[in-house]
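Engineer: Next up is a structure, given as structure tokens.
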Amino acid sequence: MPELPEVETVTTELRNHILGKRFTDVHINRYKLRITIPAFLSELVNNQKITKIQRQAKYILIYLDNEYVLVLHLGMSGKILINPKEPSRKHDHVIFTLNNNHKIIFNDPRRFGLVTIIHNLDLAHSKLFAKLGPEPLSSEFNSRYLLNAIKKRVMPIKTTIMNNQVVVGVGKIYSCESLFRSGISPLRKANTLTVKEAEKLVVAIQQTLQDAITAGGSSLKDYVNTSGDAGYFQNNLRVYGKANQLCDVCNTIITNIRQSGRSTFYCYTCQC
DNA sequence: AGACGTACCTGACCGC
DNA sequence: TGCGGTCAGGTACGTC
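Structure follows, in structure tokens:
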């Protein structure tokens, strides 16, 4: 379940292995992912040198010499495997080979992810990126921005911070964890947050994500050749997935409810 | 503009 | 053991 910190970790890992290298082959096993892989993708990627690798929201952007950008998204179940020991597995949809003989494999059982290519100049206006809100770890994402963005929103704050137009990269885990850290109930209507609460929430989102990135970073060495599920931030989760366990602050039993068809975990004593 | 329901998809899990 | 049903959720899209 890759969220922003996991994508950041994968991006860093890719940078370490293939930045400055050249693609020598692209093998596509399945074109139909969340969006269909363009037929001309191989042609545009082959023989191109990688000039930059960046994360934006939960997308991985691989910039090429020819001014095109290879765009990857891991969806719910996607993985990037770098030089896996086993030759192949089910759901290896795209296999990239580089001139240092590294193999980069895009594997995604549920196919909610995507692999596509967009010209550098079209990126910002493309369907995928045009409507995205600010990066949570940027200075643009501050309490003034957040208050303004949510002032007309009557939906619960949990659903609101998971909305990519409000802020990108905050998925199911980090929305729950950030609300717990800031003592705000996920049920609160977004437009009822006070200035103080918005400040707390911004800090909580940033710290939670940053902590997770740091945790991911510390297990970087083990990340290659693993499923990507191991280690990580799981040990630091305080409410997510902890239904019927005790809150580590007040010993209240953690509640699991559904909001907009999705699971929410929270402590109704600590969060109001 | 914002809210909301639905669709996409497979694997894990559960009950019989 | 096997089989069918249900659930999980990031994102896009259509409708009101």
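Heads up: the first sequence begins at 0 in numbering that gives the first Met the number 0, then just goes up one per residue. Each residue gets a CB set at the ideal place from its N, CA and C atoms; glycine is no exception.
Run through the DSSP bridge pairs and tell me what P108 is partnered with.
Structural biologist: The partner list for P108 (beta bridge, DSSP) is empty, contrary to what the question assumes.
Engineer: Would you mind sorting H72 into buried or exposed? The rule is 16 or more other CB atoms within 10 Å of its CB.
Structural biologist: buried
Engineer: Mapping the DSSP letters down to three states, classify F232 as helix, strand or coil.
Structural biologist: coil
Engineer: Should E139 be labelled buried (16 or more other beta-carbon atoms within 10 Å of its own) or exposed?
Structural biologist: E139 is classed as exposed because its beta carbon has fewer than 16 other beta carbons within 10 Å across all chains shown.
Engineer: Kindly list the residues whose CB is nearer than 6 angstroms to the CB of D221, restricted to its own chain and excluding five residues on each side of it in sequence; keep chain order.
Structural biologist: For D221, the predicted structure reports a pLDDT of 44, less than 50, and the residue's modelled location is therefore unreliable. A value from the coordinates is still provided. None.
Engineer: Less than 9 angstroms between the C-beta atoms of E66 and N119, yes or no?
Structural biologist: In terms of Cβ geometry, E66 and N119 form a close pair [threshold 9 angstroms].
Engineer: If you drop the 5 nearest sequence neighbours on each side, which residues of the same chain put their C-beta closer than 6 angstroms to that of T251?
Structural biologist: C266, T268
Engineer: Which residues in the same chain have their Cβ closer than 6 angstroms to the Cβ of T96, if we skip the five residues on either side of it in sequence?
Structural biologist: T23, D24, K102
Engineer: Ignore the nearest five residues each way along the sequence and tell me which others in T225's own chain have a CB closer than 7 angstroms to its CB.
Structural biologist: Because T225 carries a pLDDT of 39, less than 50, the predicted location of this residue cannot be relied on, and no value is offered for it.
Engineer: Is M75 closer than 9 angstroms to T109 when the C-beta atoms are compared?
Structural biologist: The question names Thr, but residue 109 is Arg in the sequence shown. For R109 and M75, yes; Cβs fall inside 9 angstroms.
Engineer: Three or more beta-carbon pairs under 8 angstroms between the segment 171-179 and the segment 148-162, yes or no?
Structural biologist: yes
Engineer: Give the list of continuous alpha helix (DSSP H) stretches no shorter than 4 residues that lie fully inside the segment 7-60.
Structural biologist: 40-44
Engineer: Round the Cβ separation of V167 and I204 to the nearest angstrom and send it over; I've been treating them as touching at under 8 angstroms.
Structural biologist: Between I204 and V167 the Cβ distance is about 11 angstroms, and since that is not below 8 angstroms, they are no contact.
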